[in-house]
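So the numbering used here is basically just the index in the sequence shown, starting at one, shifted up by 59.
For glycine and all other residues, C-beta sits at the position ideal for the given N, C-alpha and C.
Here the structure is a predicted model, which is why all the values come from computation and not from measurement.
To start, the structure under review is shown below, and the notes come after it.
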Amino acid sequence: MLMAIQFSRGKSAVPARPVHAGKVTNGRIKLMIRGQGSGIITAARRDIFFHKSDVRGAFWELNPGDKVVFELLEDAISGPRAQNVKAAKAARKPR
């Protein structure tokens, strides 16, 4: 049986992926996969993927062990993902 997909202007034939976004979270860089332009953050006892396009600042300056702040996206298809990743500000030493 042959099935046809009908396209309409401005609409996609693929349904949108359900994504729940927005929770600002703290974590630490667990792994950098520089050749692929991605990495893993550990937060709340779980590993969270991020891509270099999701980093605010210099991706190449992030290293394992660095503290970061990010928005946690819960993607129903691919799982948790970090967005708007940025290095956490270093605490100031009291004088």
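> In three-state terms, what does DSSP make of Gly86?
Replying inline: Here residue 86 refers to the residue found at position 27 of the sequence shown. Strand, per DSSP.
> Which ranges does the beta strand (DSSP E) cover as unbroken runs of at least 3 residues, wholly within the segment 112 to 144, from first to last along the chain?
Replying inline: 126 to 134
> What is the C-beta distance between Ile92 and Gly98, in whole angstroms, given that I count them as a contact (C-beta under 8 Å)?
Replying inline: To locate residue 92, count along the sequence shown from 1; it is residue 33. To locate residue 98, count along the sequence shown from 1; it is residue 39. Right, their Cβ atoms sit about 6 Å apart.
> DSSP three-state call for Ala146: helix, strand or coil?
Replying inline: What you label residue 146 is simply residue 87 of the sequence shown in a count that begins at 1. Here Ala146 sits in strand by DSSP.
>> Buried or exposed, going by whether 16 or more other CB atoms sit within 10 Å of the CB of Val144?
In response: By one-based count along the sequence shown, residue 144 stands at place 85. By the neighbour-count rule (16 or more Cβ atoms within 10 Å), Val144 is buried.
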